[in-house]
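Residue numbers (my numbering), protein chains in the order written: chain A, 1260 to 1711; chain B, 2 to 302; chain C, 10 to 303.
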């Protein structure tokens, strides 16, 4: 199938180029839409930027600045120009990349949230990055949790770049003011509840904890408990058919979440509202924050600006067990059928971005994991983790994780749809619009209808 | 005095009134006649209407823009820094430029095409005239959302995505503009047109030397309406422009919001961008309010 | 009788109409027709499509989520139209009644016409932000807990208020013209008869202004359905839990986030139909009113 369409690409002039050649767009357009359904589609692609490589990314603020710096260094080292284009959010990069693949005018790289990996693979319009990497490229040097997710059927489909998991940040000054031990943060959601009550009762903050309403956090509660979220091993063993909600993890999670909301111990910053959540934490509206390890650098400077002491801790678990977090973050996808004269440059950029030196720089500037073993080793021997305990905690959470099917993130085609269902129904449940059991039932049924 | 003048020449009317019965004492009389309560009520209503933008303006001069109580509403000292950061460092200037080019192209294109159509509809003896007019008018019911999947495919097949063509050409046909121009042309006395015809003037000379001079106000008015409409477009550029260097200012606001957050949403910068986005249409409205209001009253007939 | 139709050449006329007609056909009519066509197909990524008959419509008919979206949109449109017109009528009447400073008041009221919806949305998001908003504390002092990131009803209310705010200017522009149109003799008589201001507004002005008001009902309905995407996109993303998932937002997401072009086309057709039906009803109601109202 794949080969077939590739062959067609060589033998048939694309409709798009025919249209362009015909020059008068209007007339061609008229016959185009009058034509039969189903003949449109991408047969050849053009880069959005002829003179430069282009990366569409979702790294705002300090993360974006670090990324731009890396891009500048790449340019001066290789003489290849790269345009780093910020596109607001992973959701927007996804939308724009799908649109680009459909229209045929594409960036050379798109930074896609691992959540949407399958959705992008399903388009059949991307090429495995392994094709661009030199034969001696050490794929084995990636941390095992990373390759496990990004290599699909043994092939590295996209280049993992910025990877993280969720972790808990807490305001040590607030803990102290509320009479809590600033060096003994909550480890379970029940302890989060108790600490939140103490913090609010002491009048130190408005609420105990906040995190963005994003499916990633629900995935973490499942994986830390060692509970699969979807059947077929979260979609890594064939196509899943359902969301697993009949378990102690889901029930425990949502009962707790609802209790937290009922008693105003939790601030809901809104759907996919990463910035809002960190704002609530930095402005000391909430004393605890669940967010990405990529916030380590931001947390340090933000807490300093706002005059409080901050530390981080492992993600709070629903039960007593702790298996491990799911890996998140994003990877670079490359569209299929890029012009031949760009392939070498594309490969050079991919190799540059995964080099241990860049991975170290990226990690230090942000808090994303250094995902190459070589980079980790170098950082260890430099004593980086000893000097920077917040980075240490993040790294430990990843490396102490047990390997389990539950810690491999969901890999499903209609990911954007499933994401919306989980997020929307979560609001219904913690808001009390529906009961926990009823809400979970709805969530399950809605997800199942996506797989029909 | 016609209605229209009452509407748009209120200051003149006040002046006239004072000329008839001069004296400041009279103004005081009139104020008394209005009643203080009426003025207070009006002032309050307008304050409510303007307050959000006033607050946003104040916030755009602050450093972080965390304003949690009314007491924090003193202007800050970061106005210049914020506006420069947004325009230069965060590429908001580029978005504004893109929007300007798009809006101007739409205004020029729409105006040209619509003037020609209105000329044909009003001044030519042709069959199926009403049908042609209805054909144009019906497009009012076909806004972008009713057709945007096929439109997306069409525009990308033409290879126009991420170009200025994509966000201008589909807007060029305009029911509203043709309609307004038609109404206006119909209000120009027919005798005047006949005189021109007797002089043996061709259609383009007629257009240029007779119609345009007699339609200046309306042409300015529709231009402002079209500019504001184009400037405020959001959904279609969001869909068809993927390359952010080509993006328009409305969608660019979202990028600014993401860009400005270094862990913390920098609301001051977001409000800076908002005020920059509001400024061009607001200035046009203030400058051309008279022709704009006149044109609107035509539209409704 | 003098005639305006002074030019005879049909070819010239056709030439003048051609640009408008081509653009209308290519970018407006044909895509609209094709949306209807596509709604009977399942469209895969990149354009492969299979005829599925009314399957897409059947899916919409069975989807509770979509029904909720229709209901939210209709409710939203209703409140926006009524709200905008009530506020604007009140404001216009005040301006009309005042003798000094009318022009200034007028300009101060019509400016939201220039306000971009995305800006209106962002400003309101900031002002009414549950934890950071300037207006949040005063409102909470009145005993309302501002929680619209979680509370669907509140979210819809905030989006509605922002949408009304933006549309006031446009309405005042038309209403002031219509109000000035009311013969002075009529209102003067009423005034001398001792009819109070509010009663005069309702009994004298509103009936005479009814053609304008009807025009505005239509324009505001179109605005509520088609012109409010940016508010939802900027403020709530359709949430929480679908509370602000108005049809146009739902349609955008189906088309360009889920990439279900067939279903999205069916949704376009439904949106067109809903607005069409509402227009028809409004026309009928007005006819009725005109009939009895004489």
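We put the beta carbon where it would ideally sit given N, CA and C, even for glycine.
Exercise for the section: Report the residues of the segment 120-152 of chain C with a CB closer than 9 Å to any CB of chain A, ordered along the chain. Expected result: 138, 139, 140 and 141
Exercise for the section: Scan the segment 264-278 of chain B for residues whose Cβ lies nearer than 9 Å to a Cβ of chain C and list them as they occur along the chain. Expected result: Flagged, chain order: 266, 268, 271, 272, 274, 275, 276 and 278.
Handout entry: Closer than 8 Å to chain C by CB, residue 96 of chain B
Key = no
Handout entry: Start-end ranges of the beta strand (DSSP E) lying completely within the segment 1546-1629 of chain A, minimum 3 residues
Key = 1569-1572 and 1587-1594
Exercise for the section: Within the segment 68-108 of chain C, note down every full alpha helix (DSSP H) run reaching 4 residues or more, in order along the chain. Expected result: 73-106
Problem - Nonlocal neighbours in the same chain, by C-beta distance under 6 Å from residue 269 of chain C, ignoring five residues either side - result: Taken in chain order, the residues that qualify are 263.
Practice task
Give a yes or no on whether 8 Å exceeds the smallest Cβ distance from residue 208 of chain C to chain F.
Solution key: In the structure shown, chain F cannot be found, because the protein chains are A, B and C.
Exercise for the section: For chain A, find out if any of its Cβ atoms is closer than 8 Å to the Cβ of residue 160 of chain C; answer yes or no. Expected result: Cβ-Cβ to chain A under 8 Å: yes for residue 160 of chain C.
Exercise for the section: Given a cut-off of 8 Å, decide if residue 172 of chain C and residue 240 of chain C are closer than it, judged by their beta-carbon atoms. Expected result: yes
Practice task
Under the assumption that residue 126 of chain C contacts residue 233 of chain B (Cβ atoms under 8 Å), give the Cβ distance between them as a whole number of angstroms.
Solution key: About 6 Å separates the beta carbons of residue 126 of chain C and residue 233 of chain B, which is inside the 8 Å limit, making them a contact pair.
Problem - Reduced DSSP category for residue 1544 of chain A - H, G, I as helix; E, B as strand; rest coil - result: coil
Exercise for the section: Please state whether DSSP places residue 190 of chain C in a helix, a strand or coil. Expected result: coil
Exercise for the section: Use the C-beta contact count for residue 1335 of chain A: other C-beta atoms within 10 angstroms, 16 or more gives buried, fewer gives exposed. Expected result: exposed
Problem - Sufficient close CB pairs (3 or more, under 8 Å) joining the segment 1561-1572 of chain A to the segment 1430-1445 of chain A - result: yes
Problem - Among C/192, C/204 and C/198, nearest to residue 218 of chain C - alpha-carbon criterion - result: C/192
Exercise for the section: Output yes if chain C places a C-beta closer than 8 Å to the C-beta of residue 1687 of chain A; else output no. Expected result: yes
Handout entry: Run of the alpha helix (DSSP H) containing residue 1669 of chain A, from where it starts to where it stops
Key = No residue range can be given for residue 1669 of chain A, since it is assigned to no alpha helix (DSSP H) and is classified by DSSP as neither H nor E.
Practice task
Below 8 Å CB to CB, which residues in the same chain sit around residue 1256 of chain A once its five sequence neighbours on both sides are set aside?
Solution key: Residue 1256 of chain A lies beyond the range of chain A shown here (1260 to 1711); nothing can be said about it.
Practice task
Please determine if the segment 290-301 of chain B and the segment 211-223 of chain B are in contact, where contact requires at least 3 C-beta pairs separated by less than 8 Å.
Solution key: yes
Handout entry: Sub-8 Å separation of residue 69 of chain C and residue 75 of chain C beta-carbons
Key = Closer than 8 Å, so yes.
Handout entry: Rounded separation between residue 1581 of chain A and residue 1602 of chain A - CA only
Key = 44 Å
Problem - Beta carbon of residue 1672 of chain A nearer than 8 Å to that of residue 1370 of chain A - result: no
Exercise for the section: State yes or no: is the beta carbon of residue 250 of chain C nearer than 8 Å to at least one beta carbon in chain A? Expected result: Proximity of residue 250 of chain C to chain A, defined by a Cβ-Cβ separation below 8 Å, is satisfied.
Practice task
Check each residue of the segment 1336-1368 of chain A: if its Cβ is closer than 8 Å to any Cβ of chain C, include it; give the result in chain order.
Solution key: 1350, 1353, 1354, 1357, 1358, 1360 and 1361
Problem - Assigned secondary structure, residue 1420 of chain A (DSSP; H/G/I helix, E/B strand, else coil) - result: strand
Handout entry: Beta-bridge pairing of residue 1314 of chain A - partner residues as DSSP gives them
Key = A/1343 and A/1368
Problem - Test: residue 1706 of chain A CB closer than 8 Å to a CB of chain B - result: no
Handout entry: Whole-angstrom distance between residue 42 of chain C and residue 1418 of chain A, CA atom to CA atom
Key = Answer to the nearest angstrom: the Cα atoms are 42 Å apart.
Handout entry: Span of the alpha helix (DSSP H), counted from its first residue to its last, around residue 238 of chain C
Key = 238-244
Exercise for the section: Run the CB neighbour count on residue 146 of chain C, radius 10 Å, all protein chains shown included, and call it buried at 16 or more, exposed below. Expected result: exposed
Problem - Neighbour flag for residue 1539 of chain A against chain C, beta carbons, 8 Å - result: yes
Problem - Distance CB(residue 132 of chain B)-CB(residue 122 of chain B) smaller than 8 Å - result: no
Exercise for the section: Give the interface partners of residue 88 of chain B over in chain A, defined as CB-CB distance under 8 Å, in chain order. Expected result: Those do not exist, as residue 88 of chain B stays about 16 Å from chain A at its closest Cβ, beyond 8 Å.
Problem - Residues of its chain near residue 1440 of chain A, where Cβ-Cβ distance is below 8 Å and the 5 sequence neighbours each way are ignored - result: 1434
Practice task
Could you check what DSSP says for residue 1414 of chain A in three-state terms: helix, strand or coil?
Solution key: The three-state reading of DSSP puts residue 1414 of chain A in strand, counting E and B together.
Practice task
Determine contact between the segment 1501-1514 of chain A and the segment 1607-1619 of chain A, defined as no fewer than three beta-carbon pairs at a distance below 8 Å.
Solution key: No contact exists between the segment 1501-1514 of chain A and the segment 1607-1619 of chain A.
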